Amino acid sequence: MPKPRKLRHIPKELLILRYLNIRMMLLDQDRKNLYNAEKGLEGEVKFDQLTEQLQSEGIVINGLLLKLDNHFFQIDTVIIFQKTIYLFDVKNYEGDYQFEAKQLRHIKTGKIIKDPFIQLQRCETMFRQLLQELGYNFNVEAFLVYINPMFTMYQAPLNPSVIFPSQVDRLMQQLNKVPSTLNGGHEKLADLLISLDLGDYPYTEQPKYEYNQLKKGVIHPCCYGFMETVNYMRLRCHTCGYEESVESAVLRSVEEFKILFPDRKITTPAIHEWCKVVKSKRTIRRILQKYYHPCGKGRYCYYE
Ligand SMILES: [Zn+2]
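To get my numbering, take the position in the sequence shown, counting from 1, and add 803.
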């Protein structure tokens, strides 16, 4: 199968938690939310790696947040084949659970999770309705995929739409055998769905943080270490030794600043303070001028 039509979007909510976790002490609940979000994303990425290897002719769309009549619904993976559209919800739960009416109970901790299959059915219904409104007529099949090999569910009801870790390989084999020849219409539908993707939920509860609370500096996103100065052109990660140009480090830090502080203006002094390890304000100004659009003049100049 060709490259996915849409790469997986990392939710803004997760990015904010990731950044804050490096720059301040998170509250317990926020740390739990971060852990769960990372875990969920890890499962989705694992599923992406499997769909990338499919040989049949289909269009893979990784992650859609859609809206129908003011209700949001999210689909982890959509695969468009000639006659059928498959929807997948991927769960990366780990440990032993017992199935009870409409919920899963973690056997050791007693923690309750709402049965994700109910959510999936709702998504499936809304997706069908959306297709109909867009004037398309496809079969739609939805699957719930428990992808973590360390997951077990006792007393699970017999449900061919729920795929357990030991059944994932077989699911892939089945998808490999779907007879399918695509045409321009399928491509158009894929583009249409992607154009409807909202990316992030507009209203999510955010952790509380203030600029002054946060540790300043440039973060190396692979190991979450802070970068230090090598010379005026290069920075090095204090934790892993990775080196990069000041330019790419500053650009990344500006994007992080924008996500954390959407209401603050991007100015040379603001980014100079935010990056901390880049000594020269002139270097910061040069990079901002090169990659962003300046608004205003002199000391009131900011960038967009
Ligand atoms: Zn590093």
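Ideal placement from N, C-alpha and C gives every residue a C-beta, glycine not left out.
This one's a predicted model, so the numbers in the text were calculated from it and none came from an experiment.
| query | result |
| --- | --- |
| Heavy atom of ligand 1 within 7 Å of Gly-1028 beta-carbon | yes |
| 8 Å Cβ cutoff met for Asp-851 and Asn-839 | no |
| Cβ shell of His-1075 (< 6 Å), same chain only, five flanking positions each side left out | Lys-1084, Ile-1087 |
| Residue span of the alpha helix (DSSP H) that contains Leu-1038, given as start and end | Taken as a continuous stretch (DSSP letters only), Leu-1038 belongs to no alpha helix (DSSP H), being part of the beta strand (DSSP E) at 1037-1040. |
| Distance between Arg-1037 and Tyr-1103 (C-alpha atoms, nearest Å) | 29 Å |
| Heavy atom of ligand 1 within 7 Å of Thr-912 beta-carbon | no |
| Of the residues Phe-941, Asp-899, Phe-876, Ala-945, the one placed nearest Phe-891, counting alpha carbons only | Ala-945 |
| Simplified DSSP state of Gly-866, which is helix, strand or coil | strand |
| Local Cβ density within 10 Å of Thr-984, reported as buried at 16 or more and exposed below that | exposed |
| Contact test: Cys-1043 Cβ vs ligand 1 heavy atom, cutoff 7 Å | yes |
| His-1075 - containing alpha helix (DSSP H), residue span | 1071-1078 |
| Through-space distance from Asp-879 to Ser-998, alpha-carbon basis | 16 Å |
| Coarse secondary structure for Val-943, derived from DSSP in three states | strand |
| Any 3 or more C-beta pairs closer than 8 Å across the stretch 923-931 and the stretch 972-983 | no |
| Residue from Asp-994, Ile-950, Leu-992, Arg-821 with nearest C-alpha to Glu-847 | Ile-950 |
| Rounded separation between Gln-1092 and Leu-829 - CA only | 34 Å |
| heavy atom of ligand 1 below 7 Å from Cys-926 C-beta | no |
| Distance, Asn-1034 Cα to Asp-831 Cα | 39 Å |
| Length at least 4, wholly inside the stretch 950-1030: the alpha helix (DSSP H) runs in chain order | 971-979, 987-999 |
| Under 8 Å between C-beta atoms of Tyr-1012 and Lys-1068 | no |
| DSSP three-state assignment for Asp-892, whether helix, strand or coil | strand |
| Bridge partners - Ile-1097, DSSP secondary structure assignment | For clarity, residue 1097 is Pro in the given sequence; the question names Ile instead. Its beta-bridge partners are Tyr-1106. |
| Selection from Tyr-1004, His-1096, Gly-1028 that minimises the alpha carbon distance to Ile-813 | Tyr-1004 |
| Stretch pair the stretch 958-968 + the stretch 900-920: three plus CB contacts closer than 8 Å | yes |
| Enclosing beta strand (DSSP E) for Phe-902 [first to last residue] | 898-903 |
| Outcome for Arg-821 when other beta-carbon atoms lying within 10 angstroms are tallied against a minimum of 16 | buried |
| Spatially closest choice to Val-1080 from Lys-1100, Arg-1039, Leu-1063, by CA coordinates | Arg-1039 |
| Asp-899, buried or exposed, once every other Cβ within 10 Å from all chains shown has been counted against 16 | exposed |
| Exposure of His-1023, with buried meaning 16 or more beta-carbon neighbours within 10 Å | buried |
| Residue range of the alpha helix (DSSP H) that includes Leu-933 | 919-937 |
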